[in-house]
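Accompanying notes for the structure given below.
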Amino acid sequence: MTTADAKTRLELLTTMLRVRRFEERCVELYSAEKIRGFMHLCIGEEAVSAGVLRALGPLDAVVSTYREHGHALARGLPMAAVMAEMFGRATGASHGRGGSMHLFDGERRFYGGNAIVAGGLPVAVGLALADRMRDRPTVTACLFGDGAVAEGEFHECMNLAALWRLPVLFCCENNRYAMGTALEREHAVTDLALRASSYGMRSWAVDGMDAEAVADVAARAVDTIRGGSGPCFLELSTYRFRAHSMYDSDRYRDKAEIGAWKRRDPIPALTELMRAADQLTDEDLAGIEATIGEEIDTAVAAAEQAPVEPVADLTRFVYSERT
Amino acid sequence: MTTVRTTYREALREAMRSAMREDERVFLMGEDVGRYGGCYAVSLGLLEEFGPDRIRDTPLSESAFVGAGIGAAIAGMRPIVEIMTVNFSLLALDQILNNAATLLHMSGGQIAVPLVIRMTTGAGRQLAAQHSHSLEGWYAHIPGLRVISPATVADARGMLATALADPDPVIMFEHNSLYSVEGELSDGGPVDIDTAAVRRPGTDVTLISYGGTVAKALDAAGELADAGISAEVIDLRTLRPLDERTLLESVGRTHRAVVVDEGWRSGSLAAEIAARIAEQAFYQLDAPVARVCAAEVPVPYAAQLEQAALPQVADIVAAVRAMVG
Ligand SMILES: Cc1ncc(C[n+]2csc(CCOP(=O)(O)OP(=O)(O)O)c2C)c(N)n1
Ligand SMILES: [Mg+2]
Numbered sequence: 001m002t003t004a005d006a007k008t009r010l011e012l013l014t015t016m017l018r019v020r021r022f023e024e025r026c027v028e029l030y031s032a033e034k035i036r037g038f039m040h041l042c043i044g045e046e047a048v049s050a051g052v053l054r055a056l057g058p059l060d061a062v063v064s065t066y067r068e069h070g071h072a073l074a075r076g077l078p079m080a081a082v083m084a085e086m087f088g089r090a091t092g093a094s095h096g097r098g099g100s101m102h103l104f105d106g107e108r109r110f111y112g113g114n115a116i117v118a119g120g121l122p123v124a125v126g127l128a129l130a131d132r133m134r135d136r137p138t139v140t141a142c143l144f145g146d147g148a149v150a151e152g153e154f155h156e157c158m159n160l161a162a163l164w165r166l167p168v169l170f171c172c173e174n175n176r177y178a179m180g181t182a183l184e185r186e187h188a189v190t191d192l193a194l195r196a197s198s199y200g201m202r203s204w205a206v207d208g209m210d211a212e213a214v215a216d217v218a219a220r221a222v223d224t225i226r227g228g229s230g231p232c233f234l235e236l237s238t239y240r241f242r243a244h245s246m247y248d249s250d251r252y253r254d255k256a257e258i259g260a261w262k263r264r265d266p267i268p269a270l271t272e273l274m275r276a277a278d279q280l281t282d283e284d285l286a287g288i289e290a291t292i293g294e295e296i297d298t299a300v301a302a303a304e305q306a307p308v309e310p311v312a313d314l315t316r317f318v319y320s321e322r323t
Numbered sequence: 001m002t003t004v005r006t007t008y009r010e011a012l013r014e015a016m017r018s019a020m021r022e023d024e025r026v027f028l029m030g031e032d033v034g035r036y037g038g039c040y041a042v043s044l045g046l047l048e049e050f051g052p053d054r055i056r057d058t059p060l061s062e063s064a065f066v067g068a069g070i071g072a073a074i075a076g077m078r079p080i081v082e083i084m085t086v087n088f089s090l091l092a093l094d095q096i097l098n099n100a101a102t103l104l105h106m107s108g109g110q111i112a113v114p115l116v117i118r119m120t121t122g123a124g125r126q127l128a129a130q131h132s133h134s135l136e137g138w139y140a141h142i143p144g145l146r147v148i149s150p151a152t153v154a155d156a157r158g159m160l161a162t163a164l165a166d167p168d169p170v171i172m173f174e175h176n177s178l179y180s181v182e183g184e185l186s187d188g189g190p191v192d193i194d195t196a197a198v199r200r201p202g203t204d205v206t207l208i209s210y211g212g213t214v215a216k217a218l219d220a221a222g223e224l225a226d227a228g229i230s231a232e233v234i235d236l237r238t239l240r241p242l243d244e245r246t247l248l249e250s251v252g253r254t255h256r257a258v259v260v261d262e263g264w265r266s267g268s269l270a271a272e273i274a275a276r277i278a279e280q281a282f283y284q285l286d287a288p289v290a291r292v293c294a295a296e297v298p299v300p301y302a303a304q305l306e307q308a309a310l311p312q313v314a315d316i317v318a319a320v321r322a323m324v325g
């Protein structure tokens, strides 16, 4: 093991823990009715956020779904802005207009937070198109679920991106369920990477519970795209440990199945690896947890105290402000 | 005749159940309608009773399964297609407008599409701008469709059977605030889907509402009564074609009208109703027709903003007071 590997591992672990603890706090805040509406957690899927987003540079673009807390935090959106958005406050990432499902950060090229399944893919294609037309060496990462692969927009976008050789990294977070519908009941062919390759793009099937593997393949795919290959596709096999959303009673999944996936939890998996390689001590871990805990406390306190958007501004942002 | 107390959700389920028992051509398809029981639990238990052939879970492919409903209807089935939320119906709008609403005419009367599409509509639960809109007015714009909007338990139970008997496509809107509302159901048989209903008689002003706004109009009428103003409340029930007669008769008695609509004001169903009243009852009006609509903004997440964006009882009361003077 090189020190570079150790550093990468530490970063991946820290990102995953940050996302996990953040969402755990969100559950409490949801029960306390501080956070409302639909809230979709990525607990169990953090290796995807940590690994994929790590492969991108600051000029690259990201398009995500309603299950995007992890993507947003890993992209570098300030936790305070994400938390305040979920509280619906003026200091929120989307000025309280979006909530949990619609986090945006134009400066960091984080283009949402799209809650129409597959609705983000065409936008990603367009972002990549513009960057290509302007000769920018950027990649647009587009994250979506296995359910999105059934939508027409998915197939239109795969073809268009491949046809025009656009720099899009399609990242399918295959957590085996689209709400209550299991993968086998939504797809005639469940090998999603294989289907992607039929569009003439390079595709990889990746263990989405292994943060290092995700980081590694994502980095390679991004390099390939920057080299002019056109789009690439990652199928990231993962699992959500929690229900689809806070409204979902999760009656359609087998307890044993959930248990089996929980034993593959990406956070303890990486922690153990690092411990075994003498890359992480108990004190290190306690230190990381303490820092994260403080960051979350600060974000929550700030959100609690933040002002709400005045009702007088109700129709603000419907059109651009012109000066 | 026995009366049972039931919810809007259960009434819808009962309507589907009896339609499926009575007519083997009837089947339900949509996302998570089977194993999951429907995202609003409307079809809960139907899979167990009717099996996966007739309670069909679909992948996320609104255009494909709505279009498949059209094809199946043409070929002699009586499909009920459920779309989770009106915003997602936009992925199927091509099929609804360019096929369902058009085939009969375009084929010179040969190809009828007896399809029922059910979908949830409306805001109020902080679901933000991709899950909260009221696009009934858009659908009511389309010739070839019939658009219905049950606002009561009895209509939830009775309208579906009539819709299924209709030879043409019917779009049924279910406001999310109604599913858990309880009411008395006395008959449980089919009801007409041609006429509007007077939900509360009155003499000073007509409040015209549908779906999720009927309860608000009734609350407003209650408040107005306390202030000595007698408001008549109309539930449109069917949004296309509009039952002009009931509207005009009411306005003929009250001489004032306020249209309450959770859709955006510009180009809205409320605009259409106001225009028809102006065209046909202008000389009977004592005041210009007023409208209480949603603010022209994609529905925001934050509670205070969302509530401000929606028609409220206080807005209706204020609109009436402004015209009654
Ligand atoms: C077009 C559209 N149809 C239906 C929905 C309702 N819905 C929201 S998430 C979801 C499941 C999506 O599954 P998947 O793409 O696998 O993502 P996951 O939630 O598993 O992350 C459904 C059916 C929606 N938001 N958009
Ligand atoms: Mg999924």
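Residue numbers (full-length UniProt numbering), protein chains in the order written: chain W, 1 to 323; chain P, 1 to 325. Idealized CB from N, CA, C, for every residue including glycine. The structure presented is a predicted model; accordingly, all values stated were derived computationally and were not measured.
Per DSSP, what kind of secondary structure is residue i in: helix, strand or coil?
i                      : result
P:Y139                 : helix
P:H105                 : helix
residue 324 of chain W : Outside the displayed span of chain W (1 to 323) sits residue 324 of chain W, for which this structure offers no information.
W:V125                 : helix
W:W164                 : coil
W:A110                 : The displayed chain sequence assigns Phe, not Ala, to residue 110 of chain W. In this structure, W:F110 counts as strand in the three-state DSSP scheme.
P:T7                   : strand
P:G325                 : coil
W:V149                 : helix
W:I35                  : coil
W:F233                 : strand
W:R202                 : strand
P:L185                 : strand
To the nearest angstrom, how far is it from the Cα of residue i to the Cα of residue j?
i      : j      : result
P:I148 : P:A73  : 19 Å
W:S229 : W:F38  : 38 Å
W:C26  : W:M79  : 12 Å
P:R256 : P:R146 : 28 Å
W:P167 : P:G51  : 45 Å
P:R35  : W:S237 : 23 Å
W:E309 : P:Q307 : 13 Å
W:A61  : P:F27  : 44 Å
P:A140 : P:L239 : 6 Å
P:M172 : P:A101 : 14 Å
P:Y283 : W:R316 : 39 Å
W:R240 : P:G69  : 32 Å
P:G189 : P:D243 : 21 Å
W:A221 : W:A93  : 29 Å
P:A154 : P:L218 : 17 Å
W:M201 : P:P114 : 42 Å
W:V300 : W:G96  : 15 Å
W:T271 : W:T281 : 10 Å
In the DSSP assignment, what residue or residues form a beta bridge with residue i?
i      : result
W:M16  : In DSSP, W:M16 forms no bridge with anything.
W:R89  : W:V308
P:L28  : P:I55 and P:I80
W:Y177 : W:A182
P:M119 : P:I83 and P:F173
P:S134 : Paired residues: none, contrary to the question.
P:D235 : P:A197 and P:S209
W:T140 : W:A61 and W:V168
P:W264 : P:A294
P:R146 : P:V170
W:E23  : W:E23 is not bridged to any residue.
P:A257 : P:T206
W:D105 : W:F110
P:R240 : P:V147
Checklist entry - Going along the chain, which residues of the region 26-41 of chain W sit with their C-beta nearer than 7 Å to a C-beta in chain P? => result R36, G37 and F38
Item to check | Any heavy atom of ligand 2 nearer than 6 Å to the CB - residues listed | outcome: W:G145, W:D146, W:G147, W:N175, W:Y177 and W:A178
Checklist entry - If you measure beta-carbon to beta-carbon, which residues of the region 78-111 of chain W are closer than 7 Å to chain P? => result Answer set for the region 78-111 of chain W: G88, G96, R97, G98, G99, M101 and H102.
Item to check | Interface positions of the region 172-186 of chain W facing chain P (Cβ-Cβ less than 7 Å), listed along the chain | outcome: A178, M179, G180, T181, R185 and E186
Checklist entry - What residues in the region 49-70 of chain P have a beta carbon less than 9 Å from any beta carbon of chain W? => result D57, T58, P59, L60, S61, E62, S63 and A64
Next on the checklist: Residues of the region 122-142 of chain P in Cβ contact with chain W at a cutoff of 9 Å, in chain order, please.
Outcome noted: R125, Q126, L127, A128, A129, Q130 and H131
Item to check | Contact list for the region 88-119 of chain P against chain W, Cβ threshold 9 Å | outcome: F88, L90 and L91
Checklist entry - Relative to chain P, which residues along the region 309-320 of chain W have a C-beta separation below 7 Å, given in chain order? => result So the close ones are E309, V311, L314, T315 and V318.
Next on the checklist: At a CB distance below 8 Å, what residues from the region 118-149 of chain W approach chain P? Give them in sequence order.
Outcome noted: A118, G119, G147 and A148
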